[in-house]
Each structure stands twice: as structure tokens, then as C-alpha cells.
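Just so you know, the sequence shown maps onto residues 0 to 349 in numbering that gives the first Met the number 0.
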Amino acid sequence: MYGLLSSDNILFIKPHLSLSLCLSLSLCQMDGSVGPMRVLVTGGSGLVGRAIERVVKEGGGREGEKWIFLSSKEANLVSAEETRAAFEKHRPTHVIHLAAMVGGLYRNMRQNLDFWRNNVHINDNVLNMSHEFGVVKVVSCLSTCVFPDKTTYPIDETMMHNGAPHDSNYGYAYAKRMIDVHNRALFQQYGRKYTAVIPTNMFGAHDNYNIEDGHVMPGLIHKTYLAKKEGKPLQVWGSGRALRQFIYSLDLARLFLWVLREYDEVDPIILSVGEEDELTVKDAVDAVVEAFGFEGEVIYDTSKSDGQIKKTASNAKLRKYLPDFKFTPFKQAVKETCDWFAANYDTARK
């Protein structure tokens with residue numbers, strides 16, 4: 000294994016440096032030659048993509064790295080032809096794969112087939128082109144919904160394929176599981192070290208705040224904003240008793256950079272706050288109400304589904320690697336997100 004050291008802009012080969020260090024120095028190209036690290040972020044205009052962009056701009060990037068944030072307007076990754084064109088144009092050495100057809104509980108329940116087919120195409124195209132173009136590393140984004148509905152808790156990375164996912168979003172869940180299958184097959188057949196992360200419920204600026212089709216936190220934020228503005232009660236779908244672990248998008252972005260540079264396993268890794276930080280949806284409602292200073296009535300519509308009541312995830316593997324990582328306190332993260340939404344209401348996705 001060879002590494003690279005520089006002195007006065009001259010590069011020297013040093014045999015005992017590891018490939019991971021070489022990659023972290025942004026010097027190794029996909030064919031082993033010297034060159035900058037070119038990171039293509041699919042889904043680059045979404046919640047996590049924009050958070051990664053912010054973290055990179057605020058000092059998380061490294062000298063010599065080039066970051067390309069690809070949006071769906073630039074390439075429809077359901078199309079193999081458009082995916083190939085994007086890879087030919089940008090020639091990435093590394094990929095963070097965030098692009099997906101996503102939606103909240105009720106949209107998933109209505110469109111399981113669409114979630115399955117679109118995501119299978121997107122994931123196969125991105126991983127296949129990454130392999131074909133010699134990409135050194137791909138970090139794909141899964142979700143805790145990939146785990147079995149009937150299981151023991153806490154769930155960990157080894158349990159993904161142990162049973163059927165929840166009926167409400169099985170199309171999306173199975174499509175995401177297939178990324179892990181694809182990664183393992185690429186490693187077995189070609190030695191590719193592509194991996195995936197499994198975040199818990201993420202939220203932050205630049206989320207999709209659509210009330211009908213969005214996830215729980217952005218939906219609550221939009222509803223509470225409107226309830227306060229219009230002087231009406233806040234109507235929450237479900238009983239509020241479902242349990243969730245929430246991760247702030249900026250925390251997740253910082254962890255993505257660590258995985259890209261340092262994490263060397265094909266096996267996926269859960270990125271989450273600890274089990275002790277699990278909250279009910281009612282806790283999340285209370286935090287959003289407090290952030291907006293909403294003083295009206297809160298009504299829980301129990302005729303609406305709660306979805307999966309519990310999907311507690313263990314972050315023991317993450318803590319083994321990063322025992323001192325500090326997550327943003329939940330109420331602070333909610334306040335920052337609510338403030339962003341109020342300030343950007345006219346242009347926010349909704």
C-alpha cells in the first residue's frame with residue numbers, strides 16, 4: 000500500500016501510509032494516480048445535501064476537494080442515460096448518494112409501487128455508474144424504515160434483512176434495503192468498498208414542508224406556523240404516542256463527512272442520537288409549539304395512523320468510532336429550524 004506526502008509542492012511516495020489516510024488528504028484518484036477528490040452529491044438540493052454544502056462551506060471541506068451538488072433538475076436519476084451523462088460530465092472520485100423518491104407516512108401508504116420502482120432505478124443507476132466510472136467510495140443514505148416491523152429493540156445494523164418492513168412503506172423500505180445487497184455484491188465480485196448510512200428521523204432547514212406528504216417534523220413545523228398565523232387550533236395526525244429518534248441535518252452532515260473520509264466498512268452504520276434520547280411525537284409537538292410561541296389548542300386526531308409505533312435504533316457502533324461526538328440539543332435544533340422556516344416561508348419547499 001502506498002501513500003503520498005508533499006513538501007514544497009513536490010509529492011513523494013511513502014509506502015507505509017494507509018489508503019484511508021491518502022484519501023483523507025484528497026490526493027488519491029480512483030486509478031491510484033495523484034489528483035483532487037471530486038465528490039458528487041446526488042440529491043444535492045435537498046435537506047441533507049444542503050446541510051452538507053453548508054458544513055463544507057463553513058470549514059468542513061478540505062483543500063483540494065471539489066464538491067458537486069447535483070439536483071433533480073440537472074439529472075433525472077431514474078433514467079440510466081441521464082445518470083451516465085452526469086457521471087461523464089463530473090467524473091467523480093467519490094459519491095454521497097442522497098437522491099430518492101421520498102415522502103411521509105401517508106404518501107408512502109398511497110404509492111408503495113411508485114416508491115419501489117423509482118428508488119430501485121435510482122439506486123441501481125447510481126451504484127452501477129459509480130462502479131463503471133471507477134468511483135473510489137460511495138456512501139448511500141438508507142432509513143430506519145428498512146428494518147423489520149416485528150423485531151426486538153434496540154435494532155442494530157445486523158438486523159436489516161431479518162423480516163418484512165412495516166406495511167405502510169414497504170416499497171420504499173425494500174428499495175433501500177437493496178442498496179445494501181448491491182454494495183455487498185460489488186465488494187464480493189469487484190472489491191468495491193461502497194457503504195451506506197442509516198439515519199433516524201432527520202429534520203432541518205431546506206426540508207420538504209408539505210403537510211400532506213412530508214415527514215413528521217417538517218409537517219408539524221408547517222402546521223404550527225399556520226395555526227399561529229391564522230389563530231386556529233393545531234391539529235396533529237395520530238395519537239402522539241409513536242416514538243422517534245430525531246437527528247438534526249447539520250449533525251448528520253458532519254457525520255456524512257466522517258463516513259466518507261474515515262469509515263472503512265461495507266456494512267452500514269446507524270447515524271443517530273442514543274436510545275436515551277428517543278422522544279414521542281408529542282414531545283416533538285411540544286418543542287415546535289414552544290419554538291413558535293404557539294398558545295392555541297392542540298388537537299390529536301386519533302383517526303389518523305401513527306405508523307410504526309416504535310423503531311428504536313442503537314448507535315453503539317457509531318459511538319465505538321466516535322465516542323465524543325456532540326449532537327445539537329433537540330430543542331435548540333428545533334428552534335433553529337422553526338426560525339429558518341419562518342424566515343424563508345415564501346421560498347421553502349411545501
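Each residue gets a CB set at the ideal place from its N, CA and C atoms; glycine is no exception. Here the structure is a predicted model, which means the values were calculated and not measured.
For Leu126, the uninterrupted alpha helix (DSSP H) segment begins and ends at 111 to 131.
About 5 angstroms separates the Cβ atoms of Asp250 and Phe326, confirming a contact at the 8 angstroms cut-off.
Just measuring C-alpha positions, the residue of Leu112, Thr311, Ala315 sitting nearest Cys144 is Thr311. Secondary structure note for Val138: its beta strand (DSSP E) is the uninterrupted segment 136 to 140. Rounded to the nearest angstrom, the Cβ distance from Leu76 to Ile121 is 5 angstroms, consistent with a contact under 8 angstroms.
Taking C-beta separations shorter than 6 angstroms and ignoring five residues to either side along the sequence, the partners of Ala286 in its chain run Lys330, Val333, following chain order. Ranked by how close their Cα comes to the Cα of Lys72, the residues Glu64, Ala85, Arg61, Val297 have Ala85 in first place.
The continuous beta strand (DSSP E) containing Arg37 extends over residues 37 to 41.
Using a Cβ distance threshold of 8 angstroms, Tyr193 and Ser142 do not count as a contacting pair. Collapsing the DSSP output to three states places Ile308 in coil. Between Gly170 and Lys149, the gap from beta carbon to beta carbon reaches 8 angstroms or more. Here Ile95 carries a strand assignment [DSSP, helix/strand/coil]. For Asp300, the secondary structure class from DSSP, reduced to helix, strand or coil, is strand.
Spanning the alpha carbons of Ala172 and Asp338 requires a straight line of approximately 32 angstroms. According to DSSP, Gln234 shares a beta bridge with Ile298.
Shown here, Val196 sits in a strand according to DSSP, grouped into three states.
Within the DSSP secondary-structure output, Asn207 pairs in a beta bridge with Arg348. Note that the C-beta distance between Asn182 and Lys349 is not below 8 angstroms.
Taking each of Asn168, Val94, Met158, Glu81 in turn and checking the Cα distance to Asp113, the smallest one comes out for Asn168. Cβ-Cβ separation between Gly239 and Thr279: approximately 6 angstroms, consistent with a contact (criterion under 8 angstroms).
Distance from Phe291 to Thr223 at the Cβ level is roughly 5 angstroms; contact confirmed, criterion being Cβ atoms closer than 8 angstroms. Pairing Ile95 with Val138 gives a Cβ-Cβ distance under 8 angstroms.
Here the alpha carbon of Ile220 sits roughly 36 angstroms from the alpha carbon of Ala79.
Burial of Ala241 is indicated by the presence of at least 16 other C-beta atoms within 10 angstroms of its C-beta. Counting the other Cβ atoms within 10 Å of the Cβ of His205 gives 16 or more, which makes it buried. Among the bridge pairs identified by DSSP, Tyr247 is matched with Phe202.
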